[in-house]
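Student: In UniProt numbering, the protein residues as written are 1 to 330.
Backbone N, C-alpha and C fix where the C-beta goes; we use that ideal spot for every residue, glycine too.
Computed from a predicted structure; not experimentally measured.
#1: Which value, in whole angstroms, describes the spacing of the CA atoms of residue 166 and residue 101?
#2: Candidates 210, 25 and 223: which alpha carbon is nearest residue 93's?
#3: When the Cα atoms are used, what is the spatial distance from residue 73 to residue 298?
#4: Whose C-beta lies closer than 8 Å to the C-beta of residue 180 among residues of the same chain, with five residues either side of it excluded?
#5: For residue 170, which three-state DSSP category applies?
#6: Measure the CB-CB distance between residue 96 and residue 206 and report whether it falls below 7 Å.
#7: What is the DSSP secondary structure of residue 29, reduced to helix, strand or coil?
#8: Which residues share a DSSP beta bridge with residue 88?
#9: Give the single residue among 172, 198, 291 and 195 whose Cα lies nearest to the Cα of residue 187.
#10: Please say whether residue 178 and residue 240 have beta carbons closer to each other than 7 Å?
#11: Using a 10 Å radius around the Cβ and a threshold of 16 neighbouring Cβ atoms, would you call residue 116 buried or exposed?
#12: Pick from 234, 67 and 61: whose alpha carbon is nearest that of residue 81?
#13: Who are the near neighbours of residue 248 in its chain, counting only those whose CB is closer than 8 Å to its CB and skipping five residues on each side?
#14: I think residue 270 touches residue 219, with their Cβ atoms under 8 Å apart; what is that distance to the nearest whole Å?
#15: Out of 300, 63, 253 and 289, which has the shortest C-alpha to C-alpha gap to residue 266?
#16: Out of 293, 40, 30 and 151, which has the shortest C-alpha to C-alpha gap to residue 250?
#17: Compute the distance between the beta-carbons of residue 38 and residue 10, then report whether it is under 7 Å.
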């Protein structure tokens, strides 16, 4: 059996960490390595990790002396194992028992695939299943060029619970150190640019937790998210397209669509006038257009709720279409 590690970066998620570790050890895989990196948590995580080390003597647990951040801690832990394959599992998510057997088999079958991913259950804070997330593509391999084209519209996974080929991670130097948002999307783009495809299973192999608090818009988070999107296009997608002599017009169109979609955050009551001005500047940098200018005017007139309803309806119809396509391909 090829060597495999499950890497669990964590920060202040003591309520969920034990479940993530248990799901890693519940894998049907001999010789599995489980790595855990506590990013200087201030909750009860240290005490929990001490107990987990007693329960699982081979757990490779580390505590960072200082907080490395949302990209720094995952980058650090992914660089530690020397196994053939490395799974990244956020500490509030869960793996199904067959996650590794199914995805390792796919990676073994497709040596040109840099990572594998699967359909997932979406769960809430209490672990209740709220939806099934599948991609509108069948189980199987997607080439690097196909992947690069698909990544124009975003990170093309059902959820960010991926099994990586270590060789592929090394070839692109892992996650970027200073990119706290959209770093996984950026990694997928750089892997495709480096010639790595990916492989997908339509089987439900993990549980991905979505918190209700994630719906609450905070300035710093939204600013970092928009900045991350800009960097994916400027630093990774545009250079990759230009290296291939591809038309970058689809990238421009997608940037405009993303700016329009995210403009509806501007009526968040927690934003100050200065913060709104910064968000507007980031939206314009992401995707300046006449339509964005009109949307900003509509937001200023208090039509944000109507625009958000339109966005939700569009996203719902898009999600339903994906589900129907997935059913037809299964």
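Tutor: In terms of the structure at hand:
#1: Position 166 of the chain shown, counting from 1, holds the residue named residue 166. Position 101 of the chain shown, counting from 1, holds the residue named residue 101. Spanning the two alpha carbons is a distance of roughly 17 Å.
#2: As a working note, residue 93 is residue 93 in the chain shown. Per the Cα distances, 210.
#3: Here residue 73 refers to the residue found at position 73 when the chain shown is read from its first residue. Here residue 298 refers to the residue found at position 298 when the chain shown is read from its first residue. Rounded to whole angstroms, residue 73 to residue 298 spans 40 Å at the Cα level.
#4: Residue mapping note: residue 180 aligns to position 180 of the chain shown, counting from 1. 69, 70, 71, 224 and 228.
#5: Locating residue 170 in the chain shown gives position 170, counting from the first residue. In this structure, residue 170 counts as helix in the three-state DSSP scheme.
#6: The residue labelled residue 96 in the question sits at position 96 within the chain shown. The residue labelled residue 206 in the question sits at position 206 within the chain shown. Yes; because the gap between Cβ atoms is below 7 Å, this pair is in contact.
#7: Along the chain shown, read from residue 1 onward, the residue named residue 29 stands at position 29. Coil, per DSSP.
#8: Residue mapping note: residue 88 aligns to position 88 of the chain shown, counting from 1. Answer by DSSP bridge pairing, in chain order: 7.
#9: Reading the chain shown from its first residue, position 187 is the one you call residue 187. The option with the nearest alpha carbon to residue 187 is 172.
#10: Within the chain shown, the letter at position 240 stands for residue 240. Within the chain shown, the letter at position 178 stands for residue 178. No. Outside cutoff.
#11: Walking along the chain shown from the start, residue 116 turns up at place 116. Classification of residue 116: buried, given that the 10 Å Cβ count is 16 or more.
#12: As a working note, residue 81 is residue 81 in the chain shown. Residue 81 has its Cα closest to that of 61, out of 234, 67 and 61.
#13: As a working mapping, residue 248 is identified with position 248 in the chain shown. Excluding sequence neighbours, residue 248 sits near 238, 241 and 242.
#14: Translated into the one-based positions of the chain shown, residue 270 becomes position 270. Translated into the one-based positions of the chain shown, residue 219 becomes position 219. At roughly 7 Å, the Cβ-Cβ gap stays under 8 Å, so residue 270 and residue 219 are in contact.
#15: On the chain shown, residue 266 is found 266 positions in, with the first residue counted as 1. Considering only alpha carbons, the answer is 300.
#16: In the chain shown, counting from the first residue as 1, residue 250 sits at position 250. Residue 151 is the option with its Cα nearest to residue 250.
#17: Translated into positions along the chain shown, residue 38 becomes position 38. Translated into positions along the chain shown, residue 10 becomes position 10. For residue 38 and residue 10, yes; Cβs fall inside 7 Å.
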